[in-house]
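Novice: Pasting in a structure now, in structure tokens, and then I'll have a few things to ask.
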Amino acid sequence: MPDVRDGLRDGLRAALEGAGVVGAPVELAIERPRDPSHGEWSSNVALVAAKAARRPPRELAEEIVARLGAEPPPHVVAVEAAGPGFVNFRLAPSWLHEVLAEVIAAGVDAYARSDAGAGRTVSVEFVSANPTGPLHAGHGRWAAYGDSLCRLLEHCGYRVTREFYVNDRGRQIDLFAASLAARRRGAEPPEDGYHGEYVAEWAAEMPDGADARQWGIERARRDQADTLAAMNVAFDLYTSESELVARGAMGEVLHELGSRAVVYEHDGAQWLRTGEFGDSADRVLVKSDSEPTYFLPDIAYHHEKSSRNELVIDVLGADHHGYVPRMRAALAALGHGDEDYEALVGQNVTLRRGGVEVRLSKRAGNMVLVSELLDEVGPDVTRLVYLLQSIDTTQTIDIDVVSAQSAENPVYYLQYAHARIHSLGRQAEARGVQRAPLDEVDLTVLVHERELDVLRVLAGLPDTVAAAMRARAPHQVAAWARELAAAFHRFWHDCPILRDDVREDLRQARLWLVEATRIGLAVALAILGVSAPERL
RNA sequence: GCCCUCGUAGCUCAGUGGAUAGAGCAUCGGUCUCCUAAACCGUGUGCGCAGGUUCGAUUCCUGCCGGGGGCACCA
Numbered sequence: 019m020p021d022v023r024d025g026l027r028d029g030l031r032a033a034l035e036g037a038g039v040v041g042a043p044v045e046l047a048i049e050r051p052r053d054p055s056h057g058e059w060s061s062n063v064a065l066v067a068a069k070a071a072r073r074p075p076r077e078l079a080e081e082i083v084a085r086l087g088a089e090p091p092p093h094v095v096a097v098e099a100a101g102p103g104f105v106n107f108r109l110a111p112s113w114l115h116e117v118l119a120e121v122i123a124a125g126v127d128a129y130a131r132s133d134a135g136a137g138r139t140v141s142v143e144f145v146s147a148n149p150t151g152p153l154h155a156g157h158g159r160w161a162a163y164g165d166s167l168c169r170l171l172e173h174c175g176y177r178v179t180r181e182f183y184v185n186d187r188g189r190q191i192d193l194f195a196a197s198l199a200a201r202r203r204g205a206e207p208p209e210d211g212y213h214g215e216y217v218a219e220w221a222a223e224m225p226d227g228a229d230a231r232q233w234g235i236e237r238a239r240r241d242q243a244d245t246l247a248a249m250n251v252a253f254d255l256y257t258s259e260s261e262l263v264a265r266g267a268m269g270e271v272l273h274e275l276g277s278r279a280v281v282y283e284h285d286g287a288q289w290l291r292t293g294e295f296g297d298s299a300d301r302v303l304v305k306s307d308s309e310p311t312y313f314l315p316d317i318a319y320h321h322e323k324s325s326r327n328e329l330v331i332d333v334l335g336a337d338h339h340g341y342v343p344r345m346r347a348a349l350a351a352l353g354h355g356d357e358d359y360e361a362l363v364g365q366n367v368t369l370r371r372g373g374v375e376v377r378l379s380k381r382a383g384n385m386v387l388v389s390e391l392l393d394e395v396g397p398d399v400t401r402l403v404y405l406l407q408s409i410d411t412t413q414t415i416d417i418d419v420v421s422a423q424s425a426e427n428p429v430y431y432l433q434y435a436h437a438r439i440h441s442l443g444r445q446a447e448a449r450g451v452q453r454a455p456l457d458e459v460d461l462t463v464l465v466h467e468r469e470l471d472v473l474r475v476l477a478g479l480p481d482t483v484a485a486a487m488r489a490r491a492p493h494q495v496a497a498w499a500r501e502l503a504a505a506f507h508r509f510w511h512d513c514p515i516l517r518d519d520v521r522e523d524l525r526q527a528r529l530w531l532v533e534a535t536r537i538g539l540a541v542a543l544a545i546l547g548v549s550a551p552e553r554l
């Protein structure tokens with residue numbers, strides 16, 4: 019896809035050479051200045067090349083400007099040296115008309131795509147909630163985040179497998195089964211068991227003679243799968259811990275580690291030398307009672323994932339951050355490359371209702387389920403709310419605000435833009451207005467600042483998507499969508515389209531501008547996994 | 001005690017090694033005989049504190065203070 023910066027970069031390189039700066043390893047950044055009065059694009063060439071050139075940056079900038087002025091790159095109407103030595107470009111609106119044509123040509127399927135991933139395989143594990151209960155609002159964050167991250171990676175040319183690991187054996191399961199069985203016979207669950215209301219509800223559903231463990235796991239998994247489906251999240255691969263163990267993966271990986279001489283015995287237990295691979299201590303693989311710790315099957319699973327993927331990503335909650343060094347160490351001990359494993363640790367979610375914080379606990383009463391959020395506000399709002407914020411900060415979801423049918427709800431701003439676009443389509447149809455083919459439309463009539471602002475935002479989507487992918491930060495796409503919505507609302511307010519007093523050529527160009535906006539919004543929403551209503 | 005993470009406007013949050021740090025909400029005041037006013041326009045003494053690296057730090061590093069999370073032969 020053509021990029022206006024290519025021409026600017028070529029021009030800058032030539033000017034730099036003309037100025038006698040040769041061979042300097044210059045990181046040539048061309049960015050949008052924060053202050054629009056500094057032009058459309060700005061480069062720091064002179065600042066970074068000054069040292070190699072042994073000249074003051076401002077002076078170097080002046081010379082570059084003089085040389086560029088003599089032979090300006092495409093669309094450039096003025097080049098200026100500014101500040102400590104920036105080179106600023108002023109461009110004709112034609113560069114934005116080109117952007118509009120590109121967006122339309124690419125369409126929803128192709129705009130802002132890249133092949134940065136080059137078809138590399140990546141496994142992304144997320145949610146992986148224990149099959150001991152429904153998904154709570156905290157899990158919802160990882161469901162929304164993990165799935166959108168996958169969409170981002172796919173958009174950038176990775177081959178993604180969405181993975182869910184089911185811890186269906188071990189102590190938690192024992193407790194869950196015991197709790198279920200106890201409720202079934204009308205007794206209290208064990209002290210350290212599961213006391214949530216759902217346990218009693220599920221126990222009431224349980225058929226006579228059913229095995230509480232097996233039935234309970236299935237019940238929990240079905241509940242979680244329903245919730246995930248309602249959130250528009252679909253996993254490619256569920257891996258059951260007990261099946262993994264049953265097929266001998268645990269013994270195999272233990273043998274593999276043993277053959278690499280990184281396992282030793284101490285106090286009757288078998289330890290892995292994770293301390294030698296960057297962890298703060300060695301870890302137990304097999305306890306002195308011969309029972310494996312949870313860690314061993316986990317290693318087996320990660321070994322397997324690493325063997326069938328070029329990159330392995332785990333999405334984890336903050337409470338699991340301590341787990342990262344040991345898994346990283348175990349994978350290193352198994353000979354996997356350090357860069358091929360990524361653990362993304364996000365902060366927790368808290369809920370607020372009626373002005374008070376609701377703690378997310380598996381203990382009864384105040385647990386807020388994803389399914390409740392879904393019931394209250396629907397899947398789109400639920401996902402969008404999760405994705406509006408970086409996972410690096412603890413998120414407080416105010417249920418009253420999120421469920422409010424008012425402007426206070428941050429989701430509506432975005433949805434309203436979408437609804438307006440579709441409303442325009444309905445209006446146009448009702449009035450018999452049709453878009454002429456793009457190559458018959460004169461886009462150069464788009465010179466209103468509101469129109470150009472929309473195009474400027476649209477021009478930024480490919481960069482935004484690429485950056486969001488690299489940063490593993492889908493919320494950046496959400497932020498971009500809000501920017502686009504804002505630009506669109508302002509355009510809408512100032513630039514009528516269907517009104518009788520609008521010239522036909524301008525109307526046509528604006529209709530295409532709206533179509534490009536629709537495409538940009540659709541691309542962003544697809545990455546977020548959100549669909550927007552066609553009317554509010 | 002050790003480790004991770006966050007600290008930006010009244011609130012909820014974006015943001016960048018650069019030139020005057022943004023958006024929504026809230027406040028106050030404007031804008032519909034006109035494609036959706038859930039919109040638009042105006043209204044703001046904010047990067048926790050102190051050092052360091054850099055031509056330039058809110059951004060990177062160190063320390064401190066404050067919030068959250070974690071430190072098992074539990075998972």
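Using this note's numbering, the letters of the first sequence map in sequence onto residues 19 to 554.
Cβ atoms here follow ideal geometry from the backbone N, Cα and C, with glycine treated the same way.
Model, not experiment: these values are computed from the prediction.
Report the rounded CA-to-CA distance for valine 330 versus valine 145, giving the unit in angstroms.
Specialist: Walking along the first sequence from the start, residue 330 turns up at place 312. Walking along the first sequence from the start, residue 145 turns up at place 127. One C-alpha to the other measures close to 15 Å.
Novice: Assuming contact is defined by CB atoms lying nearer than 9 Å, are glutamate 143 and lysine 323 in contact in what I supplied?
Specialist: Against the first sequence, residue 143 aligns to sequence position 125. Against the first sequence, residue 323 aligns to sequence position 305. Yes, the pair counts as a contact, with Cβ atoms nearer than the cut-off.
Novice: Output the boundary residues of the beta strand (DSSP E) element that contains aspartate 244.
Specialist: Stepping through the first sequence from its first residue, residue 244 is reached at position 226. Unbroken run through aspartate 244 is the alpha helix (DSSP H), 230-248; no beta strand (DSSP E).
Novice: Measure the CB-CB distance between tyrosine 163 and isoleucine 409 and report whether it falls below 9 Å.
Specialist: Taking the first residue of the first sequence as position 1, residue 163 is located at position 145. Taking the first residue of the first sequence as position 1, residue 409 is located at position 391. A contact, by the Cβ cut-off of 9 Å.
Novice: Does glycine 151 pass the burial test, meaning 16 or more other C-beta atoms within 10 Å, or should it be called exposed?
Specialist: Residue mapping note: residue 151 aligns to position 133 of the first sequence, counting from 1. Buried is the call here.
Novice: Helix, strand or coil: which one does DSSP assign to serine 277?
Specialist: For the purposes of this step, residue 277 is taken as the residue at position 259 of the first sequence. It is helical.
Novice: According to DSSP, is lysine 380 part of a helix, a strand, or is it coil?
Specialist: Residue 380 sits at position 362 when you count from the first residue of the first sequence. Summary for lysine 380: the model assigns pLDDT 49, below 50, so the residue's position carries little reliability, and this model does not support an answer.
Novice: Verify whether the separation of the beta carbon atoms of histidine 493 and tyrosine 434 is less than 9 Å.
Specialist: As a first step, residue 493 must be located in the first sequence, where it is residue number 475. As a first step, residue 434 must be located in the first sequence, where it is residue number 416. Taking 9 Å as the Cβ cut-off, histidine 493 and tyrosine 434 do not qualify as a contacting pair.
Novice: Is it the case that the Cβ atoms of aspartate 337 and arginine 346 are separated by a distance below 9 Å?
Specialist: Reading the first sequence from its first residue, position 319 is the one you call residue 337. Reading the first sequence from its first residue, position 328 is the one you call residue 346. Contact flag unset, no.
Novice: Assign glutamine 232 to one of two classes, buried (16 or more other C-beta atoms within 10 Å of its C-beta) or exposed (fewer than that).
Specialist: Taking the first residue of the first sequence as position 1, residue 232 is located at position 214. With fewer than 16 Cβ atoms within 10 Å of its Cβ, glutamine 232 is classed as exposed.
Novice: According to DSSP, is serine 308 helix, strand or coil?
Specialist: The sequence position of residue 308 within the first sequence is 290, counting from 1. Note: serine 308 maps to coil in three-state DSSP.
Novice: Within its chain, find whatever has a CB closer than 6 Å to the CB of valine 395; leave out the 5 residues flanking it on each side and keep chain order.
Specialist: In the first sequence, the residue the question calls residue 395 occupies position 377. Counting only Cβ-Cβ distances below 6 Å, and skipping sequence neighbours, we find Val420, Ser421.
Novice: Name the two residues that bound the continuous beta strand (DSSP E) containing alanine 602.
Specialist: Given a span of 19 to 554 for the chain in the structure shown, any question on residue 602 remains unanswerable.
Novice: In chain order, what are the residue ranges of uninterrupted alpha helix (DSSP H) at least 4 long that sit wholly in the region 414-454?
Specialist: 417-420, 428-448, all fully within the region 414-454.
Novice: Let me make sure I understand the geometry here. Which of Asn250, Ala348, Ala230, Asp332 has the alpha-carbon closest to that of leucine 290?
Specialist: Along the first sequence, one-based indexing puts residue 290 at 272. The shortest Cα separation from leucine 290 among Asn250, Ala348, Ala230, Asp332 belongs to Ala348.
Novice: For glutamate 81 versus alanine 32, is the C-beta spacing smaller than 9 Å?
Specialist: Along the first sequence, one-based indexing puts residue 81 at 63. Along the first sequence, one-based indexing puts residue 32 at 14. Not a contact, by the Cβ cut-off of 9 Å.
Novice: Apart from the five residues just before and just after lysine 380, which ones in its own chain have a Cβ nearer than 7 Å to its Cβ?
Specialist: The residue you call residue 380 lines up with position 362 of the first sequence. Interpretation of lysine 380 is limited by its pLDDT of 49, a score under 50 that renders its predicted location unreliable; the figure taken from the coordinates is listed afterwards. Counting only Cβ-Cβ distances below 7 Å, and skipping sequence neighbours, we find Gly151, Tyr212, Gly214.
Novice: Apply the 10 Å Cβ neighbour rule to proline 20 and answer buried if 16 or more other Cβ atoms are within range, or exposed otherwise.
Specialist: Residue 20 sits at position 2 when you count from the first residue of the first sequence. When all chains shown are included, proline 20 counts as exposed.
Novice: I'd like the list of long-range same chain contacts for alanine 110, defined as Cβ closer than 7 Å, with 5 residues on each side in sequence excluded.
Specialist: The residue labelled residue 110 in the question sits at position 92 within the first sequence. If we look at alanine 110 and ignore the five residues flanking it on each side, its Cβ neighbours are His93, Val95.
Novice: Measuring CB atoms only, is the region 251-269 touching the region 167-187, in the sense that at least three cross pairs come out at less than 8 Å?
Specialist: Short answer: they touch.
Novice: With DSSP run on the structure shown, which of helix, strand or coil describes alanine 147?
Specialist: Along the first sequence, one-based indexing puts residue 147 at 129. Alanine 147: coil per DSSP, three-state reduction.
Novice: Between which two residues does the alpha helix (DSSP H) harbouring glycine 25 extend?
Specialist: Taking the first sequence and counting its residues from 1, the one referred to as residue 25 is at position 7. From DSSP, the alpha helix (DSSP H) with glycine 25 extends over 22-36.
Novice: So, alanine 437 versus alanine 267, is the Cβ gap smaller than 9 Å?
Specialist: Counting from 1 along the first sequence, the entry for residue 437 is found at position 419. Counting from 1 along the first sequence, the entry for residue 267 is found at position 249. Cβ distance not < 9 Å, so alanine 437 and alanine 267 don't count as in contact.
Novice: Can you look up arginine 371 in the DSSP assignment and give me helix, strand or coil?
Specialist: Against the first sequence, residue 371 aligns to sequence position 353. Correct three-state label for arginine 371: strand.
Novice: Apart from the five residues on each side of it in sequence, which residues of its chain come closer than 6 Å, Cβ to Cβ, to threonine 412?
Specialist: Counted from its first residue, the first sequence places residue 412 at position 394. The answer, listed in chain order, is Gln365, Asn366.
Novice: Residues in the same chain with beta-carbon distance under 6 Å from asparagine 148, minus the five sequence neighbours each way, listed in chain order, please.
Specialist: For the purposes of this step, residue 148 is taken as the residue at position 130 of the first sequence. Asn185, Gln190, listed in sequence order.
Novice: If the criterion is Cβ atoms closer than 9 Å, does the pair leucine 456 and leucine 464 meet it?
Specialist: Locating residue 456 in the first sequence gives position 438, counting from the first residue. Locating residue 464 in the first sequence gives position 446, counting from the first residue. Against a cut-off of 9 Å, the Cβ pair of leucine 464 and leucine 456 comes out as no contact.
Novice: Pull up the DSSP beta-bridge partners for asparagine 106, would you.
Specialist: By one-based count along the first sequence, residue 106 stands at place 88. DSSP output for asparagine 106 lists Ser60, Glu98 as bridge partner(s).
Novice: Just grab the DSSP bridge partners of serine 258 for me.
Specialist: Taking the first residue of the first sequence as 1, we reach residue 258 at position 240. In the DSSP output, where bridge partners are listed per residue, serine 258 has Val184.
Novice: The alpha helix (DSSP H) with glutamine 407 in it runs from where to where?
Specialist: Numbered from 1 along the first sequence, position 389 holds the residue referred to as residue 407. No alpha helix (DSSP H) contains glutamine 407, which DSSP labels as neither H nor E.
Novice: Applying the criterion that 16 or more other CB atoms from any shown protein chain within 10 Å of the CB defines a buried residue, is serine 424 buried or exposed?
Specialist: Position 406 of the first sequence, counting from 1, holds the residue named residue 424. Exposed, by the Cβ-count rule.
Novice: For glutamine 494, which of helix, strand or coil comes out of DSSP?
Specialist: As a working mapping, residue 494 is identified with position 476 in the first sequence. In this structure, glutamine 494 counts as helix in the three-state DSSP scheme.
Novice: Under 8 Å: do the region 219-228 and the region 282-300 share three or more Cβ pairs, one atom per stretch?
Specialist: The region 219-228 vs the region 282-300: no contact.
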